[in-house]
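Anchor point for the sequence shown: position 175 equals 175 in full-length UniProt numbering, and the numbering is continuous, going up by one each time.
Where a beta carbon is used, it is the ideal one built from N, C-alpha and C, also for glycine.
All figures in this text were calculated on a predicted structure; none of them were measured in a lab.
These notes are about the structure you will find just below.
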Amino acid sequence: MYVFRASKTQRCTALVRKGVTFDTGRISLKPSAWMKLMRGDMGRAAAVCSAALAVAQLGLRINLKVLTSLCEKMPGPSANKPGGIVYAMNGKSVDNTNAGARLVLGDALYYGSTMFKPQSWTSPRRSSRAMSVALGEAFTGVFTNSDSLWRKLGRAGAREQDRFWRMPLDDEYGPQIHSSNADLCNIGGRAAGSCTAALFLKAFVDGVDPAEDGATAAVRSAHLDIAGTIETTRGYAYQDKGLTGRPTR
1 MYVFRASKTQ
11 RCTALVRKGV
21 TFDTGRISLK
31 PSAWMKLMRG
41 DMGRAAAVCS
51 AALAVAQLGL
61 RINLKVLTSL
71 CEKMPGPSAN
81 KPGGIVYAMN
91 GKSVDNTNAG
101 ARLVLGDALY
111 YGSTMFKPQS
121 WTSPRRSSRA
131 MSVALGEAFT
141 GVFTNSDSLW
151 RKLGRAGARE
161 QDRFWRMPLD
171 DEYGPQIHSS
181 NADLCNIGGR
191 AAGSCTAALF
201 LKAFVDGVDP
211 AEDGATAAVR
221 SAHLDIAGTI
231 ETTRGYAYQD
241 KGLTGRPTR
């Protein structure tokens, strides 16, 4: 965890990210073609750590907290069994331990929001291949509850050639992550996979209370789905082929 404090009264901005150093899929092994790419699965944690380094080197006067939750997912006798029920840090029971890195990020989001009480937080993530199918390598999908935060991200992305596209964060997808065996289901099926992943993670953010007018949230949040932009298969004028480091800039 990195902390840069510019003011004792200013509420902080939090960057929260999971870092899976290698992901085999545990008992449900990934195909070898996918597994060889898992060396870059820690790219989201690297992005927020790089952003923190840039803030420190530039001497930016902001209250910033960066939290990364690190793990490795390997087969073994202690691996979670498919179909198992686990309990998250916030006490919610979760059905289906597949996409387990999502559970790791959920605990990190809950810890960060309860401990830091941030004004806004951003979480780059690679939630599913659904975002890669939808937007390819050009845009990072953004799920946010704040129009003002979206405008800032959109302008910054356009300026730095690290572009974003806003996606729906809507309770309409809620039934897809309902479970008869637990409070939540980790996977919502094939349809709208990135949208259901964002809605699942929303359940782990504490302190998002309605404002007085009931129209806006007290804590601005943004999930950045970098499934398509974490790596590029072709070079660009501003980006070499391979792992990209997006959205550090």
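Enumerate in chain order the residues of its own chain whose CB-to-CB distance from residue i is below 7 Å, with the five nearest sequence positions on each side excluded.
| i | result |
| --- | --- |
| E212 | Because the pLDDT at E212 is just 41, under 50, the model does not fix this residue reliably, and the point stays unresolved. |
| A203 | K92, L184 |
| T216 | Its pLDDT being 46, under 50, T216 is placed unreliably by the model, and the measurement read from it follows with that caveat. The answer is none, since no qualifying residue turns up. |
| Q239 | T232 |
According to DSSP, residue i sits in a beta bridge with which residue or residues?
| i | result |
| --- | --- |
| C71 | V20 |
| I85 | D95 |
| C185 | D95 |
| W34 | According to DSSP, which records beta bridges pairwise, W34 is partnered with nothing at all. |
| F164 | T140 |
| residue 258 | Nothing about residue 258 can be reported from this structure: the residues present for the chain run from 1 to 249 only. |
| S120 | T13, R220 |
| E231 | L243 |
Work out the CA separation of residue j and residue i for me, nearest whole Å.
| i | j | result |
| --- | --- | --- |
| G112 | V16 | 7 Å |
| L169 | D107 | 20 Å |
| R159 | S179 | 42 Å |
| N80 | S28 | 10 Å |
| S146 | S123 | 14 Å |
| P136 | A227 | Note that residue 136 corresponds to Gly in the displayed sequence, not to Pro. In a straight line, the C-alpha of G136 is about 9 Å away from that of A227. |
| A130 | L199 | 14 Å |
| R61 | Q119 | 15 Å |
| V20 | M115 | 23 Å |
| C195 | H223 | 10 Å |
| P77 | G84 | 14 Å |
| V142 | N90 | 24 Å |
| Q57 | L201 | 31 Å |
| W165 | R249 | 16 Å |
| P247 | Q161 | 10 Å |
| K241 | N181 | 44 Å |
| G59 | R190 | 44 Å |
| W121 | D225 | 14 Å |
| G214 | R234 | Note that G214 scores a pLDDT of 47, beneath 50, so its modelled location is shaky and nothing firm can be said. |
| V133 | M167 | 14 Å |
| C12 | A237 | 35 Å |
| P75 | G100 | 13 Å |
| P82 | L67 | 28 Å |
What does a CB cutoff of less than 8 Å around residue i pick up in its chain, not counting 5 residues either side in sequence?
| i | result |
| --- | --- |
| L243 | G40, G43, I230, E231 |
| S148 | R220 |
| V86 | N80, S93, V94, T97, L103 |
| Y110 | A88, M89, N90, F204, V205, D206 |
| A192 | A130, Y173, Q176 |
| F139 | R163, F164, W165, G228, T229 |
| G245 | G43, A46, A47, S50 |
Looking only at its chain, what residues have a beta carbon closer than 6 Å to the beta carbon of residue i, apart from the 5 residues adjacent to it on each side?
| i | result |
| --- | --- |
| G25 | none |
| Q10 | N63 |
| F22 | M38, E72 |
| T144 | W150, A222 |
| A54 | none |
| A14 | K65, G112, F116, P118, W121 |
Can at least three beta-carbon pairs, one atom from the stretch 93-111 and one from the stretch 172-185, be found at a separation below 8 Å? Contact between the stretch 93-111 and the stretch 172-185 is present, because at least three Cβ pairs lie under 8 Å.
Are the stretch 57-71 and the stretch 141-155 touching, with three or more C-beta to C-beta distances below 8 Å? Fewer than three pairs of CB atoms, one per stretch, sit closer than 8 Å, so the stretch 57-71 makes no contact with the stretch 141-155.
Between the stretch 46-59 and the stretch 24-36, do three or more beta carbon pairs fall short of 8 Å? With the cut-off at 8 Å, the stretch 46-59 and the stretch 24-36 do not touch.
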